[in-house]
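Undergrad: All residue numbers for the sequence shown refer to this note's numbering, where the first residue is 125 and numbers rise by one.
Ideal Cβ positions, reconstructed from N, Cα and C, are used throughout, including at glycine.
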Amino acid sequence: MNAAASNIIDGKDFAAGLREKVGAAVPAFTESAGRAPGLAVVLVGDDPASQIYVGSKVKMTRAAGMESFEHRLPADTQQEALEALVKQLNSDDAVDGILVQLPLPSHLDQQAVIDLIDPDKDVDGLTPTSTGRLALGIEGLVPCTPLGCMMLLKDRLGDLSGKDAIVLGRSILVGKPMAQLLLAENCTVTVAHSRTRDLKERVCEADIVVAAVGRAEMVKGDWLKQGAVVIDVGINRLEPAEGEKKGRLVGDVDYAAATPHVSAITPVPGGVGPMTIACLLRNTLVAAHRRAGLADPEGL
Ligand code: NDP
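1) Under 5 Å from any heavy atom of the ligand NDP, by CB: list those residues in chain order, please.
2) For Asp233, which residues of its own chain have a beta-carbon under 8 Å away from its beta-carbon, when the five flanking residues on both sides are left out?
3) Express the C-alpha separation of Tyr177 and Ala380 in angstroms, rounding to a whole number.
4) Nearest CA to the CA of Gly375: which residue from Asn214, Val392, Thr201, Leu362?
5) Taking the alpha carbon of Ala140 as the reference point, which residue from Thr408, Gly397, Gly261, Ile355 has its own alpha carbon closest?
6) Return yes when the Cβ of Gly221 is within less than 8 Å of the Cβ of Ala411, no when it is not.
7) In or out: Asn407 buried (at least 16 other Cβ within 10 Å) or exposed?
8) Between the region 325-336 and the region 345-359, are three or more C-beta pairs nearer than 8 Å?
9) Between Leu418 and Ser156, how many whole angstroms is the CB-CB distance? I'm expecting something under 8 Å.
10) Go through its chain and collect everything with a Cβ distance to Lys211's Cβ below 8 Å, but skip five positions before and after it.
11) As a quick exercise: from Gly169, Met184, Lys324, Trp347, pick the residue whose alpha carbon is nearest that of Gly147.
12) So does Val298 have its beta carbon nearer than 7 Å to some heavy atom of the ligand GDP?
13) How is Asp346 classed by DSSP in three states: helix, strand or coil?
14) According to DSSP, what are the bridge partners of Glu207?
15) Among the residues of its own chain, which have a CB less than 6 Å from the CB of Val291, if the five just before and after it don't count?
16) Count the other CB atoms within 10 Å of the CB of Asp440; is the residue buried (16 or more) or exposed (fewer)?
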């Protein structure tokens, strides 16, 4: 647990520690396998936010001592060309993880591309096989954001057994895998979404609240049970206030109002966000070990 924190969960600090642990485990893998772990990132088009995400992923992959393979394709790339690239990466032995940056331009069939990724290289955990493995409770690769949320929760709470948890949101990327992970830790899980009735009352009953909705400060302070632990996944940009060039980034939880009610909460930014890339590196290292027939690295 982060000793400096009172009730603030410092995801930035935790993620830096995780990246360090991954980096420290890389030389032993490289020694055994005769090559460094490799992550291939595929970006189609020039969406500015995606460019920034891919840039950070490449930089942090290299900083951890891993091989980074970058594939930047033009926005008018055709389905066949993209699928051919994924197949080529599947058969490339130097590649342990494949990440296709989403969303893809709208003329492309995103699901068909994801379906092609070799599940053993699926470091984003989004293929039907990875999703099925998670649901069945068998070894596989878990989507990075919920995996990061779970690490923060376990670091703070230890044993989650018997806790009442609510996940706001049911996306394939965050909500659904988060619910599966909480269930695997023996929580009693409610999954809420846009049609859920009496949302405030349901949130009020939860010991653990994971908000992944994408609605600025939707969860108010008085929705939260005294002493709850809150993981805020949402990243929302507010309209700029007077004199500001850019609006502030806020989560799905009204942070200032929530803080007095909770025993712990992740800030936005600096909470869940940094965990996502750290978990991508962790998943790549784990995938590399499994593909090489080595035991999973310890403590990750
Ligand atoms: P999606 O848009 O795919 O899913 C949003 C979910 O929220 C849906 O299940 C939707 O319900 C539900 N929802 C929408 N409005 C309400 C409401 N009023 N009450 C209850 N539920 C509601 O988003 P993602 O899961 O991809 O992302 C969620 C948030 O997390 C976003 O802000 C995103 O930017 C952020 N994010 C952050 C990451 C990080 O690294 N920190 C990584 C990934 C996402 P329904 O299914 O009924 O439509």
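TA: Judging by the given coordinates:
1) Thr269, Gly293, Arg294, Ser295, Leu297, Val298, His317, Ser318, Ala336, Val337, Gly338, Val357, Gly358, Ile359, Val396, Gly397, Thr400
2) Close CB contacts of Asp233 within its chain, under the 8 Å cut and outside five residues either way in sequence, are with Gln203 (chain order).
3) 28 Å
4) Val392
5) Gly397
6) yes
7) So Asn407 counts as buried.
8) yes
9) 6 Å
10) Cβ neighbours of Lys211 within its own chain (closer than 8 Å, five residues either side excluded): Leu240.
11) Met184
12) The model depicted lacks the ligand GDP and carries the ligand NDP instead.
13) helix
14) BP columns for Glu207 are empty, so no partner.
15) Gly299, Met302, Ala303, Val315, Val334
16) Outside the displayed range of the chain (125 to 424) lies residue 440, so it cannot be described from this structure.
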